[in-house]
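There are 2 protein chains.
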Amino acid sequence: MGVTSALDLNDARRLRSDRARQVADLLRCQIQRGAFESGVLPKEERIVAEFGTTRNAVRDALDLLRAEGLVERLPGVGTLVTAVKVPHGLHRLLGLNETLHEHGDIVNELRAGGRITPPAAISARLGLPEGEPVVYIERLRRLGGVPLSLDQTYLEPELGTSLLAQDLEHEDVFVLIERLSGPLGRADLTIEAVNADPHSAAVLEAPRGAALLLAERLTHLADGRPVDLEFIRFRGDRLTMRGTLHRSL
Amino acid sequence: MGVTSALDLNDARRLRSDRARQVADLLRCQIQRGAFESGVLPKEERIVAEFGTTRNAVRDALDLLRAEGLVERLPGVGTLVTAVKVPHGLHRLLGLNETLHEHGDIVNELRAGGRITPPAAISARLGLPEGEPVVYIERLRRLGGVPLSLDQTYLEPELGTSLLAQDLEHEDVFVLIERLSGPLGRADLTIEAVNADPHSAAVLEAPRGAALLLAERLTHLADGRPVDLEFIRFRGDRLTMRGTLHRSL
């Protein structure tokens with residue numbers, strides 16, 4: 001088996017768009033890891049040489065990153081990094097302010113808050129009798145003034161009622177729960193990618209159809225009681241989730 | 001604080017589309033958890049009563065789920081579940097065949113495979129001297145004949161070369177690595193949501209711009225050596241990631 005020229009592997013069968021995707025993924029990863037300290041990507045010719053591919057594949061790759069809102073081409077200057085996504089830790093259960101404390105302050109806009117009689121599916125998840133009220137909170141969360149996530153939160157009624165009197169604008173729900181009810185235990189988490197519906201896109205100030213990370217998270221107190229069910233829409237262009245998996249448990 | 005009527009919380013300030021999103025999220029979650037055994041959603045009137053919201057909000061919610069490809073309306077029958085996403089475990093490091101063994105067999109189409117001279121960024125991640133070749137493998141992975149993910153894999157050269165002679169069509173790279181090089185240790189994982197570029201969408205047989213889960217994963221052997229760097233595009237309409245987070249480490 002010979003060594004083929006870098007990314008032009010199996011050239012005859014490999015499309016320019018396959019190479020472009022490959023280049024784009026490597027550049028995206030480098031942007032994310034802060035490899036371009038000046039905020040300017042290397043010149044096209046340098047990327048072509050470094051990746052051992054064609055100028056067309058590199059141009060297409062830069063177009064893909066531009067479509068994702070990560071870079072912008074500035075005539076006479078080059079390709080600038082315009083967005084670096086913030087990392088949400090997956091290594092332990094953390095609120096947004098906790099996990100992003102190095103990146104700035106999260107400010108929450110309370111869009112709704114109060115007691116509701118929930119559908120049976122919510123009662124079941126929270127281990128409550130059917131028909132018992134829960135507290136519902138809806139927040140738009142901003143980092144640096146720009147929307148980062150839209151959160152729908154269903155809380156066990158006693159805790160939730162106390163929580164409504166707290167500083168929901170500046171504090172994580174997790175921190176408030178621990179102050180009011182004692183330590184948290186575990187959370188069951190499901191992560192999906194969905195396209196933003198038009199209204200969610202408008203609220204999040206994202207393009208229609210933008211890719212979102214949708215997290216459903218059921219959080220329990222340390223004693224095992226489920227108290228907090230959340231549906232969180234994160235803007236895909238602003239946040240990644242980052243953690244470590246182990247082969248043996 | 002009084003109990004407002006279910007999801008019509010703070011009615012005056014709350015838009016129909018906010019309520020629709022809320023209903024859609026709860027239904028999506030129930031679909032995902034297999035709550036509708038018959039594969040048919042309850043009639044609109046029942047959802048309206050159960051959620052304590054308006055018929056318009058329920059209709060909009062069903063439209064959102066239809067746009068996501070999860071349900072379909074069949075005149076005279078009702079709203080049918082057309083897709084249930086398969087769950088990729090986040091609790092430990094698993095290959096796709098391992099994590100989805102209850103859901104069917106994964107069949108891989110090898111789109112490219114061979115030695116390349118990688119860009120410096122790849123060498124650095126794999127702990128290799130610059131200019132040393134790596135093995136690149138590109139696979140389209142199908143479950144039940146339908147594309148689930150498109151994987152780009154960069155492997156340490158010795159291991160990668162042995163791996164090229166294995167049954168890459170039917171086996172997980174993780175299983176093959178363990179057979180050839182001994183037990184895996186940990187992987188560093190980053191998860192993002194991105195819109196599919198036109199070519200990736202075509203390969204994955206997904207709509208243009210479809211939301212994808214993009215995973216970047218660097219896997220190490222048990223002795224700590226990094227051997228496998230992957231960029232994986234999962235179709236957002238076919239797969240979720242599911243795990244448990246703990247508050248204390």
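These protein sequences, in sequence, are chains A and B.
The numbering of the first sequence is this note's numbering, which starts it at 1 and goes up by one.
The numbering of the second sequence is this note's numbering, which starts it at 1 and goes up by one.
Note that CB positions come from ideal geometry on N, CA and C, so glycine has one too.
- Inter-segment contact for the segment 229-249 of chain A and the segment 80-91 of chain A is present: three or more beta-carbon pairs are separated by less than 8 Å.
- Under the DSSP assignment, E98 of chain A falls in the alpha helix (DSSP H) whose first and last residues are 96-99.
- Setting aside the 5 residues that flank it on each side, F231 of chain B is surrounded in the same chain by Q152, E216, each with a C-beta closer than 6 Å to its C-beta; the list follows chain order.
- For E158 of chain A, no chain B residue has a C-beta closer than 9 Å to its own C-beta; the minimum C-beta separation is roughly 12 Å.
- At a cut-off of 7 Å between beta carbons, T153 of chain A makes no contact with chain B.
- Judged by DSSP in its simplified three-state form, H103 of chain A adopts helix.
- DSSP links S149 of chain B through a beta bridge to B:R141, B:F234.
- DSSP places A187 of chain A in the uninterrupted beta strand (DSSP E) bounded by 184-195.
- Between the alpha carbons of L100 of chain A and L93 of chain A lies a distance of about 13 Å.
- A Cβ of chain B is located within less than 7 Å of the beta carbon of E216 of chain A.
- For E171 of chain A, the nearest beta carbon of chain B is not closer than 7 Å to its own beta carbon.
- With contacts defined by Cβ atoms closer than 7 Å, L126 of chain B and P226 of chain B form a contacting pair.
- Going by beta carbons, I106 of chain B and L143 of chain B fall inside the 7 Å limit.
- If you draw a 10 Å sphere on the C-beta of N56 of chain A, you find fewer than 16 other C-beta atoms in it, and that means exposed.
- Contacts between A57 of chain B and chain A, judged by CB atoms closer than 9 Å, are missing: the closest CB pair is about 12 Å apart.
- Closer than 7 Å to the CB of I31 of chain B there is not a single CB belonging to chain A.
- Taking the C-beta atoms as reference points, D188 of chain A is found nearer than 7 Å to L218 of chain A.
- Within the DSSP bridge table, the entry for H88 of chain A names A:M241 as partners.
- Counted as a single uninterrupted DSSP element, the stretch harbouring G160 of chain B is not any beta strand (DSSP E) but the alpha helix (DSSP H) occupying residues 157-163.
- For A210 of chain B, there is no enclosing beta strand (DSSP E), as DSSP marks it with neither H nor E.
- Residues of the segment 199-210 of chain A whose Cβ lies closer than 8 Å to any Cβ of chain B, in chain order: H199, S200, G209, A210.
- The C-beta distance from R28 of chain B to E44 of chain B rounds to 17 Å, too long to meet the 8 Å contact threshold.
- In summary, H220 of chain A is buried, with 16 or more beta-carbon neighbours lying within 10 Å of its beta-carbon over all protein chains present.
- A contact between stretches requires three or more CB pairs, one per stretch, nearer than 8 Å, and the segment 119-133 of chain B fails this requirement with the segment 62-80 of chain B.
- By the Cβ-count criterion, V146 of chain B is exposed, with fewer than 16 other Cβ atoms from all chains shown falling within 10 Å of its own Cβ.
- Listed in chain order, the positions of the segment 174-189 of chain B with a beta carbon within less than 7 Å of a beta carbon of chain A are P183, L184, G185, R186, A187, D188, L189.
- Taking C-beta atoms under 8 Å as the contact rule, I137 of chain B and L180 of chain B fail to qualify, at a distance of about 14 Å.
- Contact note: G78 of chain A does not reach chain B at a C-beta cutoff of 9 Å; the least C-beta distance is about 18 Å.
- L184 of chain B counts as buried, since no fewer than 16 other beta carbons sit within 10 angstroms of its beta carbon.
- Within the segment 15-94 of chain B, the beta strand (DSSP E) runs of at least 3 residues that lie entirely inside it are, in chain order, 71-74, 78-81, 86-89.
- Contact with chain A is absent for N97 of chain B, since none of that chain's Cβ atoms lies less than 7 Å from the residue's Cβ.
- DSSP, read as helix, strand or coil, puts L110 of chain A in strand.
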